[in-house]
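In UniProt numbering, the protein residues as written are 1 to 345. Where is the CB? At the ideal position from N, CA and C, for every residue including glycine. Fair warning: this is a prediction, and the values are worked out from it, not measured in the lab. Structure first, then comments.
Take a look at the structure:
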């Protein structure tokens, strides 16, 4: 009811709507190399390129150094020193890329999911992406899934925060009332941007040369890793992560249910006051009917436990469902292939 009564607030203008990402093959190879060398840790890096109209071109990248937890002390000063060194490293790298005359415009960052089966949606990720979009706007985050890639499919996607969620994050309002006021739900927190892979002439020549190589003759030289069916398949591990998220979501729902039971009478009375004030204001041609009642209702809802974590969990579960669908198809194909080979023998 509140979503129908209160229209969605206007979003700030001046946002350039990037509709696609053109990703250079060099960037893909550098990301894959960096992420696989540091498995199972989660690693990050900077993306460089330029935005041309509605297309974001990513032409180069460099990795961020890993901050070892063992090097950090127990106080905030050590963490501050590490952050300062990290910022200095980025400044030095930007100077270096300018000196070698390559694209030095920051167009985003990348992050691997480590061994988390593509899981990336956390408060830290949201805060980092928000800081990028708040300053640059036309930026994305490439999320690379090394486990998915090892199974035979390139697991890399581009995400950004939605415009409505950026406005919510600026106000730091994450109650159910705020989500209703902005017309937001879990599916509108982040947006996926389509990726178009671009290969250079040299890379195309390398791939063509690979296809022209003579067939492998030795039995041990045949590439069979993509056909392997591990004891603990990515499908099972994804299901385990889904179960964990469902347990956390269940706890969050219990907290919210307790809040609703404790405050339903008060909030219901304030909402009725708001409806009556709006009706009275319309009859009296009031330009802003029910503003005081709206403020009282917002203050009452402000004591609510933030709903962002629940929304993030629901979105992550939806991403897991998409991945399960894809993994299930691949597993069925592998099982049928193995079954056919066994029947032929």
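- Using a C-beta cut-off of 8 angstroms, the segment 138–154 makes contact with the segment 102–122, since at least three inter-stretch Cβ pairs fall below that distance.
- Beta-carbon to beta-carbon, residue 126 and residue 162 are separated by about 11 angstroms, too far to satisfy the 8 angstroms threshold.
- Secondary structure note for residue 35: its alpha helix (DSSP H) is the uninterrupted segment 25–37.
- Taking the Cα positions, residue 99 is about 39 angstroms away from residue 168.
- Judged by beta-carbon spacing, residue 242 lies beyond the 9 angstroms limit of residue 308, meaning their Cβ atoms are not closer than that value.
- Shown here for residue 203: same chain residues with a beta carbon closer than 6 angstroms to its own, the five before and five after excluded, namely 25 in chain order.
- Ranked by Cα distance from residue 66, the first of 21, 112 and 52 is 112.
- Comparing alpha carbon positions, the residue from 316, 122 and 27 closest to residue 198 is 27.
- Shortest Cα-Cα distance from residue 47 to any of 93, 85 and 17 involves 93.
- In the DSSP annotation of this structure, residue 157 is not part of any alpha helix (DSSP H); the continuous beta strand (DSSP E) holding it starts and ends at 156–161.
- DSSP, reduced to helix, strand and coil, places residue 53 outside both helices and strands of the structure shown, so it counts as coil.
- When secondary structure is reduced to three states using DSSP, residue 84 falls in the helix class.
- Contact between residue 270 and residue 296 holds, since their C-beta atoms are separated by about 5 angstroms, short of 8 angstroms.
- Check the Cα spacing between residue 134 and each of 121, 164 and 156: the tightest is with 164.
- Residue 96 sits in a helix when the DSSP states are folded into three classes.
- Taking 9 angstroms as the cut-off, the beta carbon of residue 331 is found closer than this to the beta carbon of residue 235.
- When the beta-carbon positions are compared, residue 187 and residue 315 come within less than 9 angstroms of each other.
- The Cβ-Cβ distance between residue 18 and residue 275 does not fall below 9 angstroms.
- Residue 85 and residue 170 have their alpha carbons spaced roughly 27 angstroms apart.
- Per DSSP, residue 126 is not a residue of any beta strand (DSSP E); the alpha helix (DSSP H) it occupies stretches across 123–135.
- In this structure, residue 50 and residue 103 form a Cβ contact; the two beta carbons are roughly 6 angstroms apart against a cut-off of 8 angstroms.
- Contact between residue 304 and residue 176 is confirmed by a C-beta separation of about 6 angstroms, below the 8 angstroms threshold.
- Counting along the chain, the unbroken beta strand (DSSP E) around residue 112 starts and ends at 105–112.
- Within the same chain, and ignoring the five residues on either side of residue 160 in sequence, the residues whose Cβ sits closer than 6 angstroms to its Cβ are 140 and 191.
- Residue 116 carries a coil assignment under DSSP once its states are collapsed to helix, strand and coil.
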